[in-house]
Amino acid sequence: MFTLMEVLKLLAPWFTAAVVVVLTPMVKDLIPQAVSSYLFSIYQDYFYSRLTYINIEEYGDFTRDQIYEAATIYLRQKINDSPKPKRFRCKKAIKQDKPICDIANEEEVIDNFRDIRLGWKLRVEGTGHYGQLQPPPDKNFFELTFDKRFKKDVVESYIPYVIARAEEIIREEKGIKLYSPNCSHGKALPTGQEWSCTILEHPATFDKLAMSPERKRSLKDDLDRFVTRKEWYKKVGRAWKRGYLIYGPPGTGKSTLIAAMANHLNFDIYFFDISNVTSDSVLRQILLTISNRSMIVFEDIDCAQLGKRGEEKKDPYYHQYTLSGLLNAMDGLWSSCGEEQIIVFTTNHKDLLDRLDPALFRPGRIDMHVPMSYCTMDEFKMLASTYLDFNEDHRLYGQIEGLFANARVTPAEIAEEFSRTEDADAALEAVVEYLKQKKIAEESSRTEEQKKIAEESSRTEDPDAALEAVVIAEES
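At position 285 of the sequence shown (counting the first as 1) the number is 285 in UniProt numbering, and the numbers step up by one without a gap.
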């Protein structure tokens with residue numbers, strides 16, 4: 001058996017020759033190309049064979065790659081710990097507490113994991129030509145370098161660690177992001193530019209919410225149960241998603257409830273204006289870019305012009321999204337591309353939803369209906385506690401409760417009266433006066449309606465025609 005020294009002596013001429021070939025162009029030109037390439041390959045294998053490279057591209061086929069996104073978040077905390085980089089990118093949104101520093105192009109960040117030295121380098125690869133009218137966006141990817149002996153440790157342990165650590169960082173960070181879609185003339189923007197966002201700083205919580213205690217407790221328990229049932233959804237073969245329909249007149253607190261739900265779960269909010277979408281493919285592209293642990297909100301779903309399935313095919317010039325496209329994105333095969341997501345529909349007029357396809361609101365798509373009603377006495381006391389720090393019974397409470405029976409008033413109207421003064425007695429007296437005026441106005445309105453109905457019915461002696469006139473009067 002050869003000793004180590006004997007092996008080195010045998011290999012020395014080959015390495016020497018390879019070095020000469022690589023470093024001396026004149027010598028390289030004097031020997032055949034095949035020999036030169038062979039010697040160079042020996043030299044390269046000896047010095048570089050211990051390194052392994054993994055490219056992690058920013059985007060997969062449809063969505064942003066999870067490893068790339070996790071690495072971006074993870075490396076922000078590693079920049080200060082690493083002897084490199086010398087350059088990095090820095091940005092700060094108006095509502096962010098501190099700047100965010102990201103690795104710059106071609107710069108390297110060094111990390112250590114279980115005595116394994118790893119190098120992260122951001123690279124940008126151009127995909128278009130400057131002469132193109134709309135060149136495709138450049139392709140960003142991370143190049144991860146390490147000793148090939150640790151490939152199994154890196155793939156099976158280090159990368160999952162980076163993903164888990166990034167999720168912890170997100171949970172530790174304060175601030176929920178509020179997203180809105182970027183659409184140009186109804187068309188989705190290039191991949192990576194579908195959404196713009198800001199920091200949501202809404203103080204709403206379930207404790208401050210003007211809502212009946214029973215309904216509030218039921219909704220809160222449902223949310224808590226949803227986020228802990230990942231294995232259950234997997235076991236029964238369903239996408240890890242849940243749907244809510246929030247309905248009620250304007251001013252009853254629908255948007256405040258959405259903010260309270262997001263704050264409770266620490267979920268980002270994606271407000272989706274479906275009227276700007278021109279096709280099912282664009283709708284799918286935008287929805288697929290929504291991150292996990294998020295709420296997708298469709299406001300005023302009754303105004304979305306969603307016909308019943310199949311109706312859109314009757315118009316050969318129809319170039320809008322379809323109900324089928326929305327349903328497939330919600331809980332069809334495409335829905336499995338995201339998990340731990342909550343879908344919220346809102347409407348001011350639940351009665352108008354009868355015009356839409358019932359498939360949109362069936363269980364499994366919309367799992368819970370949440371009514372937001374006019375102010376009740378319990379909700380009124382909650383508002384008084386929040387705005388006036390008043391938690392006792394008051395001499396005017398009996399009168400106020402009686403007025404609630406004859407005057408419909410929203411929590412927003414009560415909150416506006418409370419915001420005018422911090423004196424509890426003065427605020428409650430103002431509410432009594434407001435409710436009295438509201439009662440007079442509603443009674444006057446009802447009287448006018450009755451007169452109009454009587455006038456319409458008196459114009460004909462035909463019972464059917466009179467009934468039809470009454471219906472038209474009521475609708476108007």
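Here a beta-carbon is modelled for each residue, glycine too, at the ideal position from N, C-alpha and C.
Distance, Cα to Cα, Ala441 vs Leu287?
Along the sequence shown, one-based indexing puts residue 441 at 441. Along the sequence shown, one-based indexing puts residue 287 at 287. Approximately 45 Å between the Cα atoms of the pair.
Specify the secondary structure class of Val297 as computed by DSSP and reduced to three states.
Counting from 1 along the sequence shown, the entry for residue 297 is found at position 297. Val297 falls in the strand class under three-state DSSP.
Which residues in the same chain as Glu69 place their Cβ atom closer than 7 Å to its Cβ, once the five residues preceding and following it in sequence are excluded?
Working through the sequence shown from its first residue, we reach residue 69 at position 69. Nothing listed; no residue qualifies.
What would DSSP say about Tyr244, mapped onto helix, strand or coil?
Translated into positions along the sequence shown, residue 244 becomes position 244. Tyr244: strand per DSSP, three-state reduction.
Mapping DSSP to helix, strand and coil, what is Arg89?
Numbered from its first residue, the sequence shown carries residue 89 at position 89. The answer is strand: DSSP assigns Arg89 an E or B state.
Per DSSP, which one or two residues make a beta bridge with Val370?
Indexing the sequence shown from 1 puts residue 370 at position 370. Partner(s): Ile246.
For Val155, collect the residues of the same chain with a Cβ closer than 7 Å to its Cβ; drop the 5 residues on either side in sequence, then sort them by chain order.
If you number the sequence shown from 1, residue 155 lands on position 155. Closer than 7 Å at Cβ, skipping near neighbours: no residue.
Between the region 287-297 and the region 339-347, do at least 3 Cβ pairs fall closer than 8 Å?
Flag = yes, the region 287-297 and the region 339-347 touch.
Between Arg165 and Tyr74, is the Cβ-Cβ spacing less than 8 Å?
If you number the sequence shown from 1, residue 165 lands on position 165. If you number the sequence shown from 1, residue 74 lands on position 74. Cβ distance < 8 Å, so Arg165 and Tyr74 count as in contact.
Would Glu172 and Pro181 qualify as a contact pair, given that the criterion is a beta-carbon distance under 8 Å?
Within the sequence shown, numbered from 1, the residue matching residue 172 stands at position 172. Within the sequence shown, numbered from 1, the residue matching residue 181 stands at position 181. No, these two residues do not count as a Cβ contact at 8 Å.
Quick one: Cα of Glu57 to Cα of Pro250, how far?
Locating residue 57 in the sequence shown gives position 57, where the first residue counts as 1. Locating residue 250 in the sequence shown gives position 250, where the first residue counts as 1. If I take the Cα positions, the gap works out to 45 Å.
How would you label Thr322, buried or exposed, when you count the other beta carbons within 10 angstroms and need 16 or more for buried?
Here the question's residue 322 lines up with position 322 in the sequence shown. With 16 or more Cβ atoms within 10 Å of its Cβ, Thr322 is classed as buried.
Cβ atoms of Ser157 and Thr252: under 8 Å apart, would you say?
The residue given as residue 252 occupies position 252 in the sequence shown. The residue given as residue 157 occupies position 157 in the sequence shown. No, they are not a contact pair.
Mind checking who Ser180 pairs with in its DSSP beta bridge?
Translated into positions along the sequence shown, residue 180 becomes position 180. Looking at the DSSP assignment, Ser180 forms a beta bridge with Ser196.
Within 10 angstroms of its Cβ, does Arg123 collect 16 or more other Cβ (buried), or is it exposed?
Residue mapping note: residue 123 aligns to position 123 of the sequence shown, counting from 1. So Arg123 ends up on the exposed side.
By how many angstroms is the C-alpha of Lys436 removed from the C-alpha of Phe206?
Counting from 1 along the sequence shown, the entry for residue 206 is found at position 206. Counting from 1 along the sequence shown, the entry for residue 436 is found at position 436. So the alpha carbons of these two residues sit roughly 30 Å apart.
With DSSP as the reference, identify every bridge partner of Gly364, one or two as the case may be.
One-based indexing of the sequence shown puts residue 364 at position 364. Per DSSP, none; premise fails for Gly364.
Relative to the alpha-carbon of Lys381, which residue among Ile400, His369, Met368 and Asp367 has its alpha-carbon at the smallest distance?
Walking along the sequence shown from the start, residue 381 turns up at place 381. Per the Cα distances, Ile400.
Looking only at its own chain, which residues have a Cβ that is under 6 Å from the Cβ of Tyr317, when we skip the five neighbours before and after it?
Numbered from its first residue, the sequence shown carries residue 317 at position 317. Residue placement at Tyr317 is flagged as unreliable, the pLDDT there being 47, under the threshold of 50; a coordinate-derived value is accordingly withheld.
Let me check one thing: in DSSP terms, what residues is Lys121 bridge-paired to?
Looking up residue 121 in the sequence shown gives position 121. Looking at the DSSP assignment, Lys121 forms a beta bridge with Glu108 and Glu143.
Mapping the DSSP letters down to three states, classify Thr346 as helix, strand or coil.
The residue labelled residue 346 in the question sits at position 346 within the sequence shown. Strand, per DSSP.
Taking buried to mean at least 16 other C-beta atoms within 10 Å of its own C-beta, is Tyr244 buried or exposed?
Start at 1 with the first residue of the sequence shown, and residue 244 comes out as number 244. Per the 10 Å Cβ criterion, buried.
Just curious, the alpha helix (DSSP H) that Tyr233 is in, first and last residue?
Taking the sequence shown and counting its residues from 1, one reaches residue 233 at position 233. Counting along the chain, the alpha helix (DSSP H) containing Tyr233 begins and ends at Lys230 to Val236.
Can you say whether Pro99 is buried or exposed, counting buried as having 16 or more other CB atoms within 10 angstroms of its CB?
Indexing the sequence shown from 1 puts residue 99 at position 99. Result: exposed.
Could you tell me which of Met368, Ala384 and His369 sits nearest to Cys375, measuring between CA atoms?
The residue labelled residue 375 in the question sits at position 375 within the sequence shown. Cα-wise, what sits closest to Cys375 is Ala384.
Whole angstroms is fine: what's the gap from Ala259's alpha carbon to Ala204's?
Here residue 259 refers to the residue found at position 259 of the sequence shown. Here residue 204 refers to the residue found at position 204 of the sequence shown. Near 6 Å, if we compare the C-alpha coordinates of Ala204 and Ala259.
Sort out for me which residues DSSP pairs Glu173 with in a bridge.
Indexing the sequence shown from 1 puts residue 173 at position 173. Answer is none; Glu173 lacks a bridge partner.
Measuring straight from C-alpha to C-alpha, what distance separates Arg420 and Phe298?
Walking along the sequence shown from the start, residue 420 turns up at place 420. Walking along the sequence shown from the start, residue 298 turns up at place 298. One C-alpha to the other measures close to 33 Å.
What is the residue span of the beta strand (DSSP E) that Thr256 lies within?
By one-based count along the sequence shown, residue 256 stands at place 256. Thr256 -> not in any beta strand (DSSP E); alpha helix (DSSP H) instead, spanning Lys254 to Leu265.
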